[in-house]
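Working notes, beginning with the structure itself.
2 protein chains.
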Amino acid sequence: MEKTARLGLERVTRPRLYEQLVEQILAYIESTQMRPGDLLPAERDLAERLGVSRATLAQALVALEVLGVIDVQHGTGAVLARRPSVASVIKGLREHRSRLPEIVEARSTLEVKLAALAAARRTDEDLAAIDHALDVMSREINDGDRGTHGDELFHQAITGAAHSGVLAQLMAFIAEMILETRMESLGQPGRPEQSLASHRKIADAIRAQDSEAAGEAMLAHIELVSDVELLR
Amino acid sequence: MEKTARLGLERVTRPRLYEQLVEQILAYIESTQMRPGDLLPAERDLAERLGVSRATLAQALVALEVLGVIDVQHGTGAVLARRPSVASVIKGLREHRSRLPEIVEARSTLEVKLAALAAARRTDEDLAAIDHALDVMSREINDGDRGTHGDELFHQAITGAAHSGVLAQLMAFIAEMILETRMESLGQPGRPEQSLASHRKIADAIRAQDSEAAGEAMLAHIELVSDVELLR
DNA sequence: CTGTCTAAGAGGCTAGTCCAGTGAGCCAGT
DNA sequence: ACTGGCTCACTGGACTAGCCTCTTAGACAG
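If you read the sequences in order, they're chains A and B.
Residue numbers for the first sequence, in the numbering used here: 643 to 874.
Residue numbers for the second sequence, in the numbering used here: 643 to 874.
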């Protein structure tokens, strides 16, 4: 999943030590019932227990810090931040990730809102970007392609037109998972044309600045695109 | 922002070198117009240019990897992943973060959906957790407290009852920002009681497994809680 | 032209060392 | 008895030097 090369192939990637450490530390936190505010064992101690050097452990701690699980304080130690549920959520998600129904659900939630906001807030430049994406997708389909690039451009343009940095960041967060979903869907015969048609419908609603219609059109579009998953 | 102690004070936190490096590398990526798939300079080279050791640079690279900006490959180098817009989004958000309207917007989008899902999927255990949160908040308010703890518990319980790992992760992502919003709101006189009342309404809808009512009640609740921001 | 080998260069990880905050405890001065 | 200042043990922060493994391109043999 981590690195998806051009054709959906996955490059075999050796495990990185720090990644394993993150898992182990997460497991340790859970097994010892640590609560927010508690301190992790000292670096030197932890490193020895885990059988790695301090430098490597430091990388794992950086990762955990970026993930928002701990907060490392100079002179004090690594304190557990927020509710530990975050740790388990991350852990659980990492294990059986790619749960398509959930991804579609999240995508639907965000994109319907984004479409409605885009209708309300779009500038002429935003509209131009949306039209450009439609052109690209149309051309790709005429060339016998699946139109994935245009599809991605379209959804990016909508996201941009909504002018909400926070929502945009949330979208970026699940962007990779969505990409996988999208490629599968557009691989079905006749699907790209249908998808393009519903894109146009969304674009028209945004052009007319009709938030409600834009949200509904996006919802219909995602349901169309997603029913491929239900067949499994 | 990073560590907020009991009274909203912020502990002065020394800058960590790797954090600065992340910023610098992000800036470098942007300034050199790198595209996805391009390689960053070699570690030894980069470390020298930035005037840090390889070990420290390695920490910065781990952080960037966790953020999804790059993908480090053994023997090859650090390749830029995805569209670079992610990098700029993260960067932009880091600068003028806490844009309250956007946060409220994102919160509303997610929590309305979560409430609806919770109504459809809740188990009896979920319901018990929700009721427990109501009890806690009720007791806090009677003790003259603002009820922030119970409030947080309540929203956590709803999130859990929705049984959607992906949405839960998105919520965790903005949880910290929401916490700030919430504390301000509950600081207003009479607000905790109103908030508790609308919590009960949401809980009733979820108990009755009425998705639509749950979504509406949550929307009303968030609008109630959020109008404090409009006064500024 | 093709397959194999090799060496340069990339990242991965370790060990050892020193610097810089933190906080508990001691002790003098008030 | 309290306050303030000092010390020291402990914690993380960062660097250096070195060796290992992996990747890849180019030389070379078939």
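Heads up, the beta-carbon is just placed ideally off N, CA and C, and yes, glycines get one too.
Considering only residues of the same chain and omitting the five flanking positions on each side of residue i, which have a CB-CB separation below 6 Å?
{"i": "residue 682 of chain B", "result": "720"}
{"i": "residue 795 of chain A", "result": "775 and 778"}
{"i": "residue 676 of chain A", "result": "722"}
{"i": "residue 713 of chain B", "result": "721 and 723"}
{"i": "residue 748 of chain B", "result": "816"}
{"i": "residue 738 of chain A", "result": "Any reading at residue 738 of chain A needs caution, since the residue's pLDDT is 45, under 50, leaving its predicted position unreliable; the model's value is listed next. Closer than 6 Å at the Cβ level, and outside the excluded window around residue 738 of chain A, lies no residue."}
{"i": "residue 750 of chain A", "result": "864"}
{"i": "residue 784 of chain A", "result": "none"}
{"i": "residue 764 of chain B", "result": "803 and 848"}
In three-state DSSP terms, what is residue i?
{"i": "residue 778 of chain B", "result": "helix"}
{"i": "residue 709 of chain A", "result": "coil"}
{"i": "residue 798 of chain A", "result": "helix"}
{"i": "residue 720 of chain B", "result": "strand"}
{"i": "residue 836 of chain B", "result": "helix"}
{"i": "residue 809 of chain B", "result": "helix"}
{"i": "residue 682 of chain A", "result": "coil"}
{"i": "residue 701 of chain A", "result": "helix"}
{"i": "residue 714 of chain A", "result": "strand"}
{"i": "residue 789 of chain B", "result": "coil"}
{"i": "residue 763 of chain B", "result": "helix"}
{"i": "residue 658 of chain B", "result": "coil"}
{"i": "residue 693 of chain A", "result": "coil"}
{"i": "residue 666 of chain B", "result": "helix"}
{"i": "residue 842 of chain B", "result": "helix"}
{"i": "residue 852 of chain B", "result": "coil"}
{"i": "residue 674 of chain B", "result": "coil"}
{"i": "residue 758 of chain A", "result": "helix"}
{"i": "residue 804 of chain A", "result": "coil"}
On a Cα-Cα basis, can you pick out the residue from the options that is closest to residue i?
{"i": "residue 776 of chain A", "options": "A:660, A:677, A:697 and A:844", "result": "A:844"}
{"i": "residue 780 of chain A", "options": "A:715, A:759, A:676 and A:840", "result": "A:840"}
{"i": "residue 665 of chain A", "options": "A:676, A:691, A:706 and A:689", "result": "A:706"}
{"i": "residue 660 of chain A", "options": "A:694, A:676, A:671 and A:834", "result": "A:694"}
{"i": "residue 771 of chain A", "options": "A:752, A:709, A:792 and A:677", "result": "A:792"}
{"i": "residue 679 of chain B", "options": "B:864, B:715, B:853 and B:846", "result": "B:715"}
{"i": "residue 782 of chain B", "options": "B:751, B:834 and B:744", "result": "B:834"}
{"i": "residue 860 of chain A", "options": "A:789, A:761, A:713 and A:786", "result": "A:761"}
{"i": "residue 671 of chain A", "options": "A:747, A:711 and A:854", "result": "A:711"}
{"i": "residue 803 of chain B", "options": "B:789, B:786 and B:851", "result": "B:851"}
{"i": "residue 838 of chain A", "options": "A:858, A:807 and A:790", "result": "A:790"}
{"i": "residue 702 of chain B", "options": "B:786, B:747, B:797 and B:658", "result": "B:658"}
{"i": "residue 766 of chain B", "options": "B:836, B:799 and B:704", "result": "B:799"}
{"i": "residue 691 of chain B", "options": "B:704, B:709 and B:663", "result": "B:663"}
Answer yes or no: does any C-beta atom of chain B fall closer than 8 Å to that of residue i?
{"i": "residue 675 of chain A", "result": "no"}
{"i": "residue 778 of chain A", "result": "no"}
{"i": "residue 711 of chain A", "result": "no"}
{"i": "residue 867 of chain A", "result": "no"}
{"i": "residue 660 of chain A", "result": "yes"}
{"i": "residue 708 of chain A", "result": "yes"}
{"i": "residue 861 of chain A", "result": "no"}
Closer than 9 Å by beta-carbon distance: list the chain B residues that pair up with residue i, in chain order.
{"i": "residue 745 of chain A", "result": "808"}
{"i": "residue 816 of chain A", "result": "808, 811 and 812"}
For residue i, would you say it is in contact with chain A, using Cβ-to-Cβ distances shorter than 8 Å as the test?
{"i": "residue 751 of chain B", "result": "yes"}
{"i": "residue 705 of chain B", "result": "yes"}
{"i": "residue 667 of chain B", "result": "no"}
{"i": "residue 748 of chain B", "result": "yes"}
{"i": "residue 737 of chain B", "result": "Caution applies to residue 737 of chain B, whose pLDDT of 47 falls short of 50 and renders its modelled position unreliable; the value that the coordinates give is listed next. Taking Cβ atoms only, chain A never reaches closer than 8 Å to residue 737 of chain B, which makes this a no."}
To which residues of the same chain is residue i closer than 7 Å at the C-beta, ignoring the five residues directly before and after it?
{"i": "residue 689 of chain B", "result": "695, 696 and 699"}
{"i": "residue 856 of chain A", "result": "757, 758, 760, 761, 844, 847 and 848"}
{"i": "residue 853 of chain B", "result": "758, 761 and 762"}
{"i": "residue 842 of chain A", "result": "776"}
Kindly list, in the order they appear in chain B, the residues whose Cβ is closer than 8 Å to that of residue i.
{"i": "residue 701 of chain A", "result": "700, 701 and 704"}
Anything in chain B within Cβ reach of residue i, meaning under 7 Å, just list it in chain order.
{"i": "residue 755 of chain A", "result": "751"}
Starting from residue i, find everything on chain A with Cβ-Cβ shorter than 7 Å and list it in chain order.
{"i": "residue 697 of chain B", "result": "697"}
By Cβ distance below 8 Å, which residues in the same chain neighbour residue i in space, the five residues on each side in sequence not counted?
{"i": "residue 584 of chain B", "result": "As shown, chain B starts at 643 and ends at 874. That puts residue 584 of chain B outside it, with no answer to give."}
{"i": "residue 773 of chain B", "result": "845"}
{"i": "residue 718 of chain B", "result": "681"}
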